[in-house]
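Colleague:
Residue numbers (this note's numbering): 1429 to 1718.
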């Protein structure tokens, strides 16, 4: 088996055994492709993410508590079951979504147990049971988000029949809850990193805009230096400003005034439609009387 292995067998979506089994398959398929559930799966950005070992301990604990050689932490997509961690399945990255095992267990309300897969009507035709793995025992607890979406399972697997005690069922459920909590922490980290990146990008954009404005103001000040203008800034409002007038600004209504560098920069940043003016414009009365 290699990392690209995906177990699947055509024709396993047809009813086998009973009307109840047919209804179960239909329910499983509906749950698999539910848009709200798939959106929940994708918001954690876990599918196909490089495995970083955070779920390996949970898979190992599931194997230890259930006494099985194989255990997984799986995320169920619409058309595959992807392993976020797998103990005892070296080289297998995902399996198919044939009903009876992961594709059925993930939407259960609690632990889903198959004591002997070759006699259980839910699983006897599953490729993992009939194929080289020879699965006989399967126990899984669903991974459920705080808002009720079923994402996958924590699973214990063996090639021989087993029974699961009530205590083992309970611990398996706790391990699935741990995965759900890890995923919430992952989501919070993703959001925090993106928010920090956005703040950094915004700061860089503001710095670039400020540098561009400063260059424009320096160029305009050089041009306007020989133009007749008042001695002091006219943009100080009622408090006035005694700084030297350096630049003339205007708005789209044709009002204009002379100001010091600080007040000109403030007006351009904070007042819409204000720009460095030409000598022909005059006024900016609204800003003068603010």
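Beta carbons: idealized from backbone N, C-alpha and C, even for Gly.
1) So who's on the other strand from residue 1566, going by DSSP bridges?
2) Is residue 1575 helix, strand or coil by DSSP?
3) In terms of residues, what are the limits of the alpha helix (DSSP H) holding residue 1486?
4) For residue 1529, tell me which candidate among 1560, 1487 and 1582 has the shortest Cα-Cα distance.
5) Please report the residue range of the alpha helix (DSSP H) in which residue 1680 lies.
6) Exposed or buried, which one is residue 1542 when buried takes at least 16 other CB atoms within 10 Å?
7) Grab me the residues of residue 1703's own chain with a C-beta within less than 6 Å of its C-beta, minus the 5 sequence neighbours each way, in chain order.
8) Just to check my reading of the structure: residue 1505 and residue 1475 have Cβ atoms closer than 8 Å, yes? What is that Cβ distance to the nearest angstrom?
9) When you compare each of 1552, 1642 and 1611 to residue 1696 by their alpha carbons, which one comes out closest?
10) For the alpha helix (DSSP H) containing residue 1500, name the first residue and the last one.
11) Go to residue 1521, then tell me how far its beta strand (DSSP E) extends in each direction, as first and last residue.
12) Taking only three categories from DSSP, how would you classify residue 1528?
13) For residue 1469, report the span of its alpha helix (DSSP H) as first-last.
14) CB residue 1607 to CB residue 1486, shorter than 7 Å?
15) Under DSSP, the alpha helix (DSSP H) around residue 1621 begins and ends at which residues?
16) Does residue 1697 come out as helix, strand or coil in the three-state DSSP assignment?
17) Mind the definition here: the region 1669 to 1684 touches the region 1647 to 1661 only if three or more C-beta pairs lie below 8 Å; say whether that holds.
18) Under three-state DSSP, which class holds residue 1555?
19) Should the region 1553 to 1567 be called in touch with the region 1577 to 1595, which here means at least 3 C-beta pairs below 8 Å?
20) So what does DSSP say about residue 1665, is it helix, strand or coil?
21) Assuming residue 1704 is part of the beta strand (DSSP E), what are its boundary residues?
Modeller: This is what the structure holds:
1) 1542 and 1585
2) coil
3) 1484 to 1494
4) 1582
5) Per DSSP, residue 1680 belongs to no alpha helix (DSSP H) and is neither H nor E.
6) buried
7) none
8) 6 Å
9) 1642
10) Per DSSP, residue 1500 belongs to no alpha helix (DSSP H); it is in the beta strand (DSSP E), 1498 to 1504.
11) Segment: none, residue 1521 is in no beta strand (DSSP E) and carries neither H nor E.
12) coil
13) 1463 to 1471
14) yes
15) 1594 to 1652
16) helix
17) yes
18) helix
19) yes
20) helix
21) 1702 to 1704
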